[in-house]
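A short write-up of the structure that comes next.
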Amino acid sequence: MIGLRPYPRDLELARAAGDAALLPPDPGELLELVRQRMWDGSGAAPGGVDLVYARWKPGVSLVTAHVLEFEDDERETLVVKTYAQGKPFSPEARQREAVERLRPSLSLDDPARALHVFPVDRALPGAVRALDTKRTARQLEQAGVAPGAGISARRSRVEVLRYKPGRRLVARYTALLRASGKQRVDFALRALPVAAAGLHVERRVAIESLGLAPRLLYSEGRTGVLVEEWVEGTSAARDDYSTLAAIAPALARLHAVASPGSSAGGAAGGVARPVPSAADTLAALFAWAPELNARFLRLPPRRPTQPRAWLHGDLHPDQVIRCEGGALRLLDWDGLRPGEPLEDLAAWAAGAMEVQDGQRDPEGLLAEVLRTYAASAGEEIPFEDAASAVVWELAERAAGSVRRLELGACSKAAGLLDVALAMAPRGAGS
Numbered sequence: 003m004i005g006l007r008p009y010p011r012d013l014e015l016a017r018a019a020g021d022a023a024l025l026p027p028d029p030g031e032l033l034e035l036v037r038q039r040m041w042d043g044s045g046a047a048p049g050g051v052d053l054v055y056a057r058w059k060p061g062v063s064l065v066t067a068h069v070l071e072f073e074d075d076e077r078e079t080l081v082v083k084t085y086a087q088g089k090p091f092s093p094e095a096r097q098r099e100a101v102e103r104l105r106p107s108l109s110l111d112d113p114a115r116a117l118h119v120f121p122v123d124r125a126l127p128g129a130v131r132a133l134d135t136k137r138t139a140r141q142l143e144q145a146g147v148a149p150g151a152g153i154s155a156r157r158s159r160v161e162v163l164r165y166k167p168g169r170r171l172v173a174r175y176t177a178l179l180r181a182s183g184k185q186r187v188d189f190a191l192r193a194l195p196v197a198a199a200g201l202h203v204e205r206r207v208a209i210e211s212l213g214l215a216p217r218l219l220y221s222e223g224r225t226g227v228l229v230e231e232w233v234e235g236t237s238a239a240r241d242d243y244s245t246l247a248a249i250a251p252a253l254a255r256l257h258a259v260a261s262p263g264s265s266a267g268g269a270a271g272g273v274a275r276p277v278p279s280a281a282d283t284l285a286a287l288f289a290w291a292p293e294l295n296a297r298f299l300r301l302p303p304r305r306p307t308q309p310r311a312w313l314h315g316d317l318h319p320d321q322v323i324r325c326e327g328g329a330l331r332l333l334d335w336d337g338l339r340p341g342e343p344l345e346d347l348a349a350w351a352a353g354a355m356e357v358q359d360g361q362r363d364p365e366g367l368l369a370e371v372l373r374t375y376a377a378s379a380g381e382e383i384p385f386e387d388a389a390s391a392v393v394w395e396l397a398e399r400a401a402g403s404v405r406r407l408e409l410g411a412c413s414k415a416a417g418l419l420d421v422a423l424a425m426a427p428r429g430a431g432s
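With my numbering as the guide, the letters of the sequence shown map in order to residues 3 to 432.
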């Protein structure tokens, strides 16, 4: 329903880590709570609940998303936020019209827990607005984006493609044009936290002329709503990392654009800085498990980076679209940021290593990635620098398995950290 990759969950993982205050809610108790406190009694009753998303921050919070199944086969997404130390919650003010039988949000007597029904989300004020077909039609018309005589809001449709609580919404808006009566035009809608959306719009200016990203058609600063052109085409499977040779020329074009802070970009020279995710955030996800913590503590220090180019920041095989005629476009630019080209390459290589579950020589795989990229970019990236970046990309993936409360997370994380230690430059982390 909200486009997230399904994972079998270990619902007792937080308890094993000594974080019993942040256990996911019991399904039976959650269902009863919804029936008693959120359902208005009209129509079919909630009949089932299924956990579809989890994000755990040890000792701090747990955010989970659950699909509520009603007895008439309708579904809604319920988000539960739990804080270890409690946090003041206030009622959410707005609710999508389609959710008529549930209260949009519920603050419990327990100050540590609150519930809300998607698309209500305080961190994403644009989510409710983006899914309002009438309002979106009006926005597109006012922005001059809608062709012809405008949009028939009543006959237009919106489809949620992906939703991560507090982080982002991606949807497809199919607009029916009034003039033709039948012609439809698709748009991609995104809702991000307001500050992140504003920064993203500023950054997109630098790479729009490359033609690699969908054109940004409209943005609303006060809500974090972005509207992009819809790109039709075919993509590889998410786990198919054999496509780098086709992607490398596009990636090289992106990396050739100097970013702010680089000497080529006109600022006062690049300043070495740590990459975005802090090591102490990862440390908390490993510290509770001796077998993970011992491995994590052996990793070499994170290599500072020298920002000099624009990075995609979150490249996966299924984010590469081959359009009719063979042109490649890249999707999901929320991670666009300044950095070093090796960071995008390290993320790609680490993803391939994760998919292969350590069954292939990781050094050979990284060397192949670097050779493939060099053939397009004409730039030789030092193997040791790239390997240092891969180490921490693998650590991020290990932490992600724990953060999602995956079943078998400890075993998977240990395996990824072992690969990271094998990739560490000689003499480091020993």
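Note that the Cβ used here is the ideal one computed from N, Cα and C, for glycine as well.
Following the DSSP letters along the chain, one finds residue 396 inside the alpha helix (DSSP H) bounded by residues 385-405.
Taking 8 angstroms as the cut-off, the Cβ atoms of residue 395 and residue 426 do not count as close. The continuous alpha helix (DSSP H) containing residue 375 extends over residues 364-379.
Between residue 237 and residue 322 a beta carbon distance of about 6 angstroms is seen, short of the 8 angstroms cut, so the two are scored as contacting. Taking the Cβ atoms as the reference, residue 230 lies roughly 7 angstroms from residue 189, within the contact range of under 8 angstroms. Cα atoms of residue 359 and residue 152: separation of roughly 51 angstroms, rounded to the nearest angstrom. Out of 118, 135, 56, the CA that lies nearest to the CA of residue 408 is found in 56.
Of the candidates 397, 290, 262, 316, the residue whose Cα lies closest to the Cα of residue 304 is 397.
Take residue 193, set aside five residues on each side of it, and the residues of its chain with a beta-carbon closer than 6 angstroms to its own are 126, 128, 129, 132, 171, 226, 227, in chain order. Within the same chain, 125 come within 6 angstroms of residue 168 by CB-CB distance, once the 5 residues on both sides are set aside. Here residue 299 is exposed: its Cβ has fewer than 16 other Cβ atoms, across all protein chains shown, within 10 Å. Beta-bridge pairing by DSSP links residue 82 to 66, 117.
One Cα belongs to residue 388, the other to residue 136, and the distance between them is close to 49 angstroms. One Cα belongs to residue 330, the other to residue 301, and the distance between them is close to 37 angstroms.
In this structure, the CA atom of residue 335 is about 6 angstroms from the CA atom of residue 314. Across the structure, residue 210 and residue 217 are spaced so that their CA atoms are roughly 7 angstroms apart. Comparing C-alpha distances from residue 180 to each of 155, 203, 142, 166 shows the shortest one belongs to 155. Looking only at 254, 38, 201, the smallest Cα-Cα distance to residue 346 is reached by 254. Nearest C-alpha to residue 240 among 363, 353, 12: 353. In this structure, residue 44 lies near residue 103, with their beta-carbon atoms less than 8 angstroms apart. Residue 10 counts as exposed, since fewer than 16 other beta carbons sit within 10 angstroms of its beta carbon.
According to the DSSP assignment, residue 59 belongs to the beta strand (DSSP E) that extends over 48-59. Setting aside the 5 residues that flank it on each side, residue 46 is surrounded in the same chain by 72, 73, 74, each with a C-beta closer than 6 angstroms to its C-beta; the list follows chain order. Residue 339 and residue 27 have their C-alpha atoms roughly 36 angstroms apart.
Under the DSSP assignment, residue 231 falls in the beta strand (DSSP E) whose first and last residues are 227-231.
Closest option to residue 379, judged by alpha-carbon separation, among 250, 324, 283: 250. Taking a C-beta distance under 8 angstroms as the contact criterion, residue 21 and residue 60 qualify as a contact pair. Rounded to the nearest whole angstrom, the C-alpha separation of residue 40 and residue 79 is 13 angstroms. Setting aside the 5 residues that flank it on each side, residue 289 is surrounded in the same chain by 295, each with a C-beta closer than 6 angstroms to its C-beta; the list follows chain order. In this structure, the alpha-carbon of residue 36 lies about 10 angstroms from that of residue 42.
The residue among 248, 173, 65 with its C-alpha nearest the C-alpha of residue 16 is 65. A Cβ-Cβ distance of about 15 angstroms is found for the pair residue 383 and residue 367, leaving them out of contact under the 8 angstroms criterion. DSSP, read as helix, strand or coil, puts residue 174 in strand. Shown here, residue 166 sits in a strand according to DSSP, grouped into three states.
Note on residue 77: under 16 other CB atoms within 10 angstroms of its CB, so exposed under the neighbour-count rule. For residue 220, DSSP records a beta bridge to 229.
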